[in-house]
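First the structure, in the form of structure tokens, and then the observations on it.
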Amino acid sequence: MPEFPYSRLRRWPDVEAENLQAHDATDLLLVARALAEAGERGLDGTQIAVIGDEYGAVTLALTDAGLRGIRVHQDLATGRRALARNAADLGLDGFASHELDAALLDGARLVLLQLPKALAELEEIADAVARWAATDVVLVAGGRVKHMVLAQNEVLGRSFSRVQAQRAERKSRLIVASEPRPVSETPPFPVSAQHEGLTLVAHGGAFAGARLDIGTRVLLDALRLASRFLSEERSDETKGVREPGKDVLDLGCGTGALAVSYALAHPAAQVIATDRSAAAVASARATAAANGVADRITVTQDDAASEVATASVDVVLLNPPFHLGTSIHTGAATRLFEAAARVLRPGGELFTVFNSSLGYRAELTRLVGTTEQLHRTPKFTVTRSIRRP
Ligand SMILES: C[S@@+](CC[C@H](N)C(=O)[O-])C[C@H]1O[C@@H](n2cnc3c(N)ncnc32)[C@H](O)[C@@H]1O
Numbered sequence: 431m432p433e434f435p436y437s438r439l440r441r442w443p444d445v446e447a448e449n450l451q452a453h454d455a456t457d458l459l460l461v462a463r464a465l466a467e468a469g470e471r472g473l474d475g476t477q478i479a480v481i482g483d484e485y486g487a488v489t490l491a492l493t494d495a496g497l498r499g500i501r502v503h504q505d506l507a508t509g510r511r512a513l514a515r516n517a518a519d520l521g522l523d524g525f526a527s528h529e530l531d532a533a534l535l536d537g538a539r540l541v542l543l544q545l546p547k548a549l550a551e552l553e554e555i556a557d558a559v560a561r562w563a564a565t566d567v568v569l570v571a572g573g574r575v576k577h578m579v580l581a582q583n584e585v586l587g588r589s590f591s592r593v594q595a596q597r598a599e600r601k602s603r604l605i606v607a608s609e610p611r612p613v614s615e616t617p618p619f620p621v622s623a624q625h626e627g628l629t630l631v632a633h634g635g636a637f638a639g640a641r642l643d644i645g646t647r648v649l650l651d652a653l654r655l656a657s658r659f660l661s662e663e664r665s666d667e668t669k670g671v672r673e674p675g676k677d678v679l680d681l682g683c684g685t686g687a688l689a690v691s692y693a694l695a696h697p698a699a700q701v702i703a704t705d706r707s708a709a710a711v712a713s714a715r716a717t718a719a720a721n722g723v724a725d726r727i728t729v730t731q732d733d734a735a736s737e738v739a740t741a742s743v744d745v746v747l748l749n750p751p752f753h754l755g756t757s758i759h760t761g762a763a764t765r766l767f768e769a770a771a772r773v774l775r776p777g778g779e780l781f782t783v784f785n786s787s788l789g790y791r792a793e794l795t796r797l798v799g800t801t802e803q804l805h806r807t808p809k810f811t812v813t814r815s816i817r818r819p
């Protein structure tokens with residue numbers, strides 16, 4: 431059989447660059463191991479689940495090898511769109527996408543996993559596999575050796591009795607876990623925590639977990655200092671006037687800390703909270719409900735607010751990512767600045783927090799409009815950009 435054409439895979443709509451590929455050596459190891467296991471154990475595609483398949487390399491290589499009916503879960507909207515597009519380009523179908531739930535794992539006897547960066551995400555996935563897959567399931571988890579830590583084995587060991595690290599090959603390594611342990615009655619995620627009048631609820635894969643990120647806190651403080659959080663609605667009510675509420679977008683909402691804080695401080699605001707991560711979206715929905723503002727916050731899974739209409743919002747709140755994978759790359763933040771510029775009405779405001787060393791001010795001015803520094807701590811800068819007409 432000709433080798434699967436990995437080099438034809440694309441990351442699009444995720445950031446593309448010469449040094450960024452749509453597959454890696456771990457994908458190749460996972461595929462080789464899966465083909466061997468499927469052969470030895472007589473598995474068909476319907477008994478295989480793939481989790482964390484970034485751009486679809488594992489799912490598509492196995493589908494191409496004749497395994498039909500594979501179930502796949504990808505956390506990111508960008509990865510889901512890339513998989514769909516790569517499949518169409520290669521003329522492949524016959525696999526099904528799922529959330530991280532019972533439907534993904536029911537009856538699965540082989541689960542392939544690209545190890546996530548966060549241990550909490552791994553813990554939620556390991557529990558899900560032990561909870562819902564077949565009792566003879568084998569979980570094969572792979573990663574780049576330089577990103578792997580012993581704690582990953584320990585986390586897997588909480589859900590599986592046997593955990594065996596394999597010898598590294600081409601700077602990647604597989605860990606094989608089997609014999610699922612009994613699971614607790616309620617899943618370990620989501621978790622929640624209280625922060626001065628705000629409850630945050632988090633699934634394992636959500637940024638910062640149930641903690642309030644320092645950058646997020648600095649942005650919230652800056653908004654309060656700038657009197658944004660002295661609710662116009664409330665002060666106007668005392669004058670007998672009620673201003674219409676603003677349309678607000680929390681772009682890359684994570685657990686929804688910014689969206690929910692804004693909604694709590696502005697009772698007339700209508701907020702959209704959007705993120706490309708399914709774990710973030712599920713967390714933000716739960717956070718909105720836990721704080722009693724679910725009726726004013728619409729949470730969507732989307733890439734860079736692509737489904738939000740052009741020139742339709744008054745305020746964008748943004749704490750952008752600045753790590754892409756594990757190499758620092760600012761392309762991901764630029765995409766969100768461009769998205770903010772597109773969805774803001776002329777005169778609308780973008781509030782951004784970023785690591786001061788990144789110096790985004792010139793870029794924000796160019797892409798959005800006049801940008802002033804609202805607040806600066808030793809580590810973070812908060813800016814306000816006004817959308818040019
Ligand atoms: C630094 S976190 C901030 C999360 C949250 N706003 C907070 O302040 O706690 C950045 C978030 O942006 C999301 N993100 C990154 N790229 C995105 C994209 N292209 N479209 C939507 N969300 C994105 C990430 O999934 C992550 O949740």
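Quick note on the numbering used here: the sequence shown kicks off at 431 and runs consecutively. Ideal Cβ placement from N, Cα and C applies to all residues, glycine included.
Asked	Found
Quick one: using the 10 Å Cβ neighbour count with 16 as the cut-off for buried, is L747 buried or exposed?	buried
Exposed or buried, what is S614 when buried is set at 16 or more other beta-carbons lying within 10 Å of its beta-carbon?	exposed
With three or more C-beta pairs closer than 8 angstroms as the rule, is the segment 532–543 touching the segment 567–575?	yes
Going by beta-carbon coordinates alone, are R726 and E779 separated by less than 7 angstroms?	no
For A533, count neighbouring C-beta atoms within 10 Å of its own C-beta (all shown protein chains included) and say buried if the count is 16 or more, exposed if not.	exposed
Measuring straight from C-alpha to C-alpha, what distance separates V824 and G675?	An answer regarding residue 824 cannot be provided, because it is not within the stretch 431 to 819 covered by the chain.
Could you check whether I555 and I478 sit closer than 7 angstroms to each other, using their CB atoms as the reference points?	no
Mapping DSSP to helix, strand and coil, what is T668?	Residue placement at T668 is poorly supported in this model, since its pLDDT is 48, which falls under 50; the coordinates still yield a value, given next. Of the three classes helix, strand and coil, the one that applies to T668 here is helix, per DSSP.
How many Å lie between R515 and A550 at the Cα?	30 angstroms
Can you have a look at V671 and say buried or exposed, based on whether 16 or more other CB atoms are within 10 angstroms of its CB?	For V671, the pLDDT reaches just 45, beneath the cut-off of 50, and the residue's location in the model is therefore unreliable, although a value from the coordinates is still provided. Exposed, because fewer than 16 other Cβ atoms sit within 10 Å of the Cβ of V671.
Use the C-beta contact count for R510: other C-beta atoms within 10 angstroms, 16 or more gives buried, fewer gives exposed.	buried
Considering only C-alpha positions, which residue in the set R765, P776 and A710 is nearest to T740?	P776
Got a sec: is the Cβ-Cβ distance from G469 to anything in chain D below 7 angstroms?	The displayed structure is made up of one protein chain only, and chain D is not part of it.
Starting from the N-terminal side, write out each stretch of the alpha helix (DSSP H) that is 4 residues or longer and does not extend beyond the segment 525–593.	532–535, 549–562 and 580–589
Straight-line CA distance for T565 to H503?	20 angstroms
Take I605 as the anchor and find which of A581, A563 and P620 has the nearest alpha-carbon.	A581
What does F781 pair with, by DSSP beta-bridge criteria?	L747 and R814
Where G521 and D474 are concerned, what is the direct C-alpha to C-alpha distance, given to the nearest angstrom?	20 angstroms
Take S437 as the anchor and find which of A716, A452 and M578 has the nearest alpha-carbon.	A452
For ligand 1, any of its heavy atoms closer than 6 angstroms to the Cβ of A581?	no
Suppose contacts are defined by Cβ-Cβ distances below 7 angstroms. Is A636 in contact with S589 by that definition?	no
Per DSSP, which residues does I500 bridge with? Please list them.	F525
Hey, is R706 close to ligand 1, as in C-beta under 6 angstroms from one of its heavy atoms?	yes
Distance, Cα to Cα, S661 vs T456?	Its pLDDT being 46, under 50, S661 is placed unreliably by the model, and nothing is read from it.
Can you tell which of R597, A718 and K601 has its C-alpha closest to the C-alpha of A576?	As written in the sequence, residue 576 is Lys, which differs from the Ala given in the question. When only C-alpha atoms are compared, the closest one is K601.
With burial defined as no fewer than 16 other Cβ atoms inside 10 Å of the residue's Cβ, what is the status of T616: buried or exposed?	exposed
Name the one or two DSSP bridge partners that I478 has.	L540
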